[in-house]
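Here is the structure we will look at, set down as structure tokens.
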Amino acid sequence: MKPDSPFYPHTLKALKESALFGNLAEPVIQDMLQSFRMETWQRGATIMDPEETVQRFYVLISGRVKVTRTNPETGREFILFLLGSGDGFDVVSLLDGMKHNIAVVAMDDLEVLSSPIDTIHDWIDRHPEFNKAFLPYLGKQIRQISDLASDLALHDTETRLTKLFLQHTMQSNPHPRLRLICDFSHEELANMIGSVRTVVNRHMQELKKEGIITTRRGHLEVNELHALGEKLEEHLRSRGKR
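Quick note: the sequence shown uses UniProt numbering, first residue 1, plus one each step.
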């Protein structure tokens, strides 16, 4: 991307505010942008399939994507990650050069940066300081997958749903706000916690009845963050007594 591109100013701003690129000096980010092209994708589009994971690397500038795996026999989907502005994909194939059996699907209209994998490897070789941010970023994703596996093995659906809401709530805000999942359907929430829509719907109705969450114009809101935290602690205590 060239500096005279109409996308350049807000793209540079998004990267400087991201966990992955924010600590890099601006000239380093500007050098990186020379290796990328801007792409736009419509909501619902599949940006990356297993073949594409070893060909290109993407950085999300605006919008959200879900990283999924699907059972080819049943069509059932499981959401591994939700990614937002500043996130990169696919980091697994970037590291090992092997196909990754995932699909990356646009949940909004998107702006993404795209570059060939080999070009990214060359850029990282020239700028090893990138690893200071990349390794913690990768560690966060590994920890997230580890926690997800533990939750599926050790906790019931209600506990997993409660944890999901807490993990995606911006708790520093005076008015708690859900991030990334605020407009999710019950089926999409179920796909994030390894459940099914009917079970999630039942637990959602209970949370609404207790006044912990509400739905307004298709958007989920957390009304009682403290009560949500207490509910999780109660679930964990009762689990420990079994």
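For each residue, glycine too, the CB sits at the ideal point set by N, CA and C.
Treat the numbers as computed from the prediction; the structure is a model and nothing was measured.
Assigned exposure category for residue i - 16 Cβ within 10 Å defines buried
{"i": "K209", "result": "exposed"}
{"i": "A103", "result": "buried"}
{"i": "M32", "result": "buried"}
{"i": "K163", "result": "buried"}
{"i": "S93", "result": "buried"}
{"i": "D90", "result": "buried"}
{"i": "L95", "result": "exposed"}
{"i": "R179", "result": "exposed"}
{"i": "E52", "result": "buried"}
{"i": "R76", "result": "exposed"}
Cut-off 8 Å between Cβ atoms - residues of its own chain near residue i, not counting five sequence neighbours on either side
{"i": "R37", "result": "M1, L113, S114 and S115"}
{"i": "H203", "result": "T157, E158 and L161"}
Residue interval of the alpha helix (DSSP H) (run including residue i)
{"i": "I193", "result": "H186 to I193"}
{"i": "A133", "result": "N131 to L154"}
{"i": "F165", "result": "T157 to Q167"}
{"i": "L180", "result": "Unbroken run through L180: none, as it is neither H nor E."}
{"i": "L82", "result": "From DSSP, L82 is part of no alpha helix (DSSP H) but of the beta strand (DSSP E) over E77 to L83."}
{"i": "M38", "result": "First-last for M38: R37 to W41, but that is the beta strand (DSSP E), not the alpha helix (DSSP H)."}
{"i": "T215", "result": "Not the alpha helix (DSSP H): T215 falls in the beta strand (DSSP E), residues I213 to R216."}
{"i": "P9", "result": "Y8 to K16"}
{"i": "E206", "result": "R197 to K209"}
{"i": "M1", "result": "No alpha helix (DSSP H) contains M1, which DSSP labels as neither H nor E."}
{"i": "M32", "result": "E26 to L33"}
N-terminal and C-terminal residue of the beta strand (DSSP E) that residue i is part of
{"i": "H219", "result": "H219 to V222"}
{"i": "A103", "result": "A103 to A106"}
{"i": "L110", "result": "L110 to P116"}
{"i": "I47", "result": "T46 to M48"}
Interface flag, residue i vs chain C, CB-CB below 9 Å
{"i": "A25", "result": "The displayed structure is made up of one protein chain only, and chain C is not part of it."}
Counterpart residues of residue i in DSSP-defined beta bridges
{"i": "R64", "result": "Per DSSP, none; premise fails for R64."}
{"i": "G88", "result": "V59"}
{"i": "R69", "result": "F78"}
{"i": "M170", "result": "R177"}
Beta-carbon contacts of residue i that lie in its chain and below 6 Å, excluding the five residues immediately before and after
{"i": "V54", "result": "S93 and K99"}
{"i": "N101", "result": "P50"}
{"i": "T46", "result": "A103 and V105"}
Cβ shell of residue i (< 7 Å), same chain only, five flanking positions each side left out
{"i": "N223", "result": "G211, I212, I213 and T214"}
{"i": "E187", "result": "R197"}
{"i": "N191", "result": "E77, F78 and I79"}
Hey, is the region 69-88 in contact with the region 46-60, meaning 3+ C-beta pairs nearer than 8 Å? By the Cβ rule, the region 69-88 counts as touching the region 46-60, because three or more pairs are nearer than 8 Å.
Determine, using beta-carbon pairs with one atom in the region 192-201 and one in the region 143-158, whether at least three such pairs fall under 8 Å. In this structure the region 192-201 touches the region 143-158; the number of beta carbon pairs closer than 8 Å is three or more.
Report yes or no: do three or more beta-carbon pairs, one from the region 129-138 and one from the region 66-78, lie closer than 8 Å? Taking a cut-off of 8 Å on C-beta distances, the region 129-138 does not touch the region 66-78, as fewer than three cross pairs fall below it.
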